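In our numbering, the protein residues as written are 28 to 289.
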């Protein structure tokens, strides 16, 4: 089991820069990685007898003289080429290589968590996170674990037609669809191109990671939610004697473009 988290430590949008209003909240664009870090830590400390690997994609998206430009074409770890039509859709690029890496390391199941799309807030608001998957049975178990942990999800469709919107003109894929339709699902269909059929669940937590609130704390801080379902799901299938431990972390790769899936 691999748990993958998007960790953009600050997201200006890059050269496709975001409006200045509320940009300070983009420090929360690492919420997916924070959730998976919390899940891995909980799993280790609970002594769950299951091999779980965490992979956090840590980066910053800033404009500069060396920044990625709209129109650039990049090569992912699985050899697919991607047109970068919008540099503010950077999260799916770093997740793509992370998913490739997990597959190359022999992952049997993958769950990723990311504040991936603003579109999910229009669909589900700040009440539920979106679930997309290539394995309905796995998604059902993840959502059941969420219910038990008090975290609510809603599964969105993954029809093949959505994937066609992500096909590139000059490359295999493009990182945005170019249409305002179904932005959350098209982003997930993009990610699906990199799991090579491995059972996989994608959690888009952009609407629930730092929602508006009525208290000072909820207005200024992220919720710190969504790690419980992943930890609970991993602990459900195998109940063994507790063996307290701490997670061991290492840098898997420093440049997404310097490695390929094995």
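From the three backbone atoms N, C-alpha and C, an ideal C-beta is built for every residue, glycine too.
Note that this is a predicted model, so its numbers are computed, not measured.
The DSSP-derived three-state label of residue 78 is coil. By the neighbour-count criterion, in which a residue is buried when 16 or more other Cβ atoms sit within 10 angstroms of its Cβ, residue 139 is buried. Nearest to residue 236 by alpha-carbon distance, out of 60, 48, 47, 165, is 60. Only residues of its own chain outside the window of five on either side were considered, and among them 110 have a CB closer than 6 Å to the CB of residue 197, listed in chain order. With respect to residue 170, residue 229 sits apart: the two C-beta atoms are not nearer than 8 Å. Linking residue 191 to residue 207 through their CA atoms gives a straight-line distance of about 14 Å. Inter-segment contact for the region 94-114 and the region 170-184 is absent: fewer than three beta-carbon pairs are separated by less than 8 Å.
DSSP places residue 85 in the strand class (E or B) of the three-state scheme. Cβ-Cβ separation between residue 213 and residue 193: approximately 6 Å, consistent with a contact (criterion under 8 Å). DSSP, reduced to helix, strand and coil, places residue 196 outside both helices and strands of the structure shown, so it counts as coil.
Scanning the region 155-195 for uninterrupted alpha helix (DSSP H) segments of 4 residues or longer gives 163-176, 187-191, listed from N- to C-terminal end.
Counting of Cβ neighbours within 10 angstroms places residue 137 among the buried residues, the total reaching 16 or more. Within the same chain, and ignoring the five residues on either side of residue 211 in sequence, the residues whose Cβ sits closer than 8 Å to its Cβ are 143, 144, 146, 147, 150, 157, 159, 183, 231. Per the C-alpha coordinates, the member of 62, 71, 153, 90 positioned closest to residue 45 is 90. Secondary structure at residue 216: helix, using DSSP grouped into helix, strand and coil. DSSP lists no beta-bridge partner residue for residue 136. By the neighbour-count definition (other C-beta atoms within 10 Å, threshold 16), residue 48 is an exposed residue. A check of alpha carbon separations from residue 122 across 74, 95, 86 identifies 86 as the nearest.
Burial is judged here by how many other beta carbons sit within 10 angstroms of a residue's own beta carbon; residue 133 has fewer than 16 and is exposed.
Excluding its 5 nearest sequence neighbours in each direction, residue 195 has C-beta neighbours in its own chain below 6 Å: 110, 201, listed in chain order.
Apart from sequence neighbours up to five positions away, the residues of its chain that approach residue 116 with a beta-carbon distance below 7 Å are 202, 203, ordered along the chain. Distance from residue 41 to residue 88 at the Cβ level is roughly 5 Å; contact confirmed, criterion being Cβ atoms closer than 8 Å. Measuring C-alpha to C-alpha distances from residue 57 to each of 141, 216, 209, 225 identifies 141 as the nearest.
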